[in-house]
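These notes concern the structure reproduced below.
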Amino acid sequence: KQEVTQIPAALSVPEGENLVLNCSFTDSAIYNLQWFRQDPGKGLTSLLLIQSSQREQTSGRLNASLDKSSGRSTLYIAASQPGDSATYLCAVLETTDSWGKLQFGAGTQVVVTP
Amino acid sequence: GAVVSQHPSWVICKSGTSVKIECRSLDFQATTMFWYRQFPKQSLMLMATSNEGSKATYEQGVEKDKFLINHASLTLSTLTVTSAHPEDSSFYICCPDLEETQYFGPGTRLLVL
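Same order as they appear, the protein sequences are chains H and G. Each residue of the first sequence is one higher than the one before, starting from 1 at the first, in this note's numbering. Each residue of the second sequence is one higher than the one before, starting from 1001 at the first, in this note's numbering.
Laid out in structure tokens, this is it:
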């Protein structure tokens, strides 16, 4: 059974510092991996999607890497801002039978202080 | 991107009552809808998959008689928590089976007293 783990569970940094969030998964037979952002009491917003054949994806200040063989992904957020404060979730898709059937990690709660 | 709405966003109820949560797709049709729940400090966990016009399928450990799912149309799926108890307090969120990038509803926070 796939298990997705995120470390650390919480992180607090001053504004301007780079953020490094880690995600690991036990079964490397994944189709893709996504990083989501969740604001308190709100739904999820997809940030980056990495296909299993890719090594990384970038969008603005966000960069996500994927090492499928070791079961790891890292989300980098450059020059953090207070607006980046949220919970970041990673999720893996194991099958293309159902796009929305994801295995989630518990998330990393990020606080960026001004 | 696709727009998904949920209603209500917040609900507080007494133990023993039933609560209905609606998930609507506003600008597309969804044959299949996934329902997740998230307990505090825990992962989102898939509860069930609703299919328009047929019975929902439930994940292991989820009571189908307690969490009634109806997918009566291509734009509406409902989750009813029957005889809710405090342990059902959670964040419930829906996601249509649409494409590779998922669009989640805003979620419904349920508190059972």
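For glycine and all other residues, C-beta sits at the position ideal for the given N, C-alpha and C.
For the region 39-57 of chain H, the set of residues with a beta-carbon nearer than 7 angstroms to any beta-carbon of chain G comprises G41, K42, G43, L44, S46, L49, in chain order. Looking only at G:E1059, G:I1093, G:T1101, G:V1004, the smallest Cα-Cα distance to G41 of chain H is reached by G:I1093. If you draw a straight line from the Cα of A10 of chain H to the Cα of Q109 of chain H, it is about 4 angstroms long. Classified as buried, T1032 of chain G has 16 or more neighbouring CB atoms from the shown chains inside 10 Å of its CB.
For F104 of chain H, at least one C-beta of chain G is nearer than 7 angstroms to its own C-beta. When CB distances to chain H are screened at a threshold of 7 angstroms, not a single residue of the region 1005-1031 of chain G falls below it. If you draw a 10 Å sphere on the C-beta of W35 of chain H, you find 16 or more other C-beta atoms in it, and that means buried. For a Cβ distance threshold of 9 angstroms, residue set E1100 of chain G lies close to N32 of chain H, ordered along the chain. Taking all protein chains shown into account, K1014 of chain G has fewer than 16 neighbouring C-beta atoms within 10 Å of its C-beta and is therefore exposed. Taking a contact as a CB-CB distance under 8 angstroms, the pair K101 of chain H and F1034 of chain G counts as one, their CB atoms being some 6 angstroms apart. For Q34 of chain H, the enclosing beta strand (DSSP E) stretches over residues 32-38.
Taken atom to atom, the span from the alpha-carbon of A1030 of chain G to that of P14 of chain H is near 42 angstroms. Residue H:Q38 holds the alpha-carbon nearest to the alpha-carbon of P1106 of chain G among H:Q38, H:S12, H:N22, H:D27. Two segments are said to touch when three or more pairs of C-beta atoms, one from each, lie closer than 8 angstroms; by this definition the region 1066-1077 of chain G does not touch the region 18-31 of chain H.
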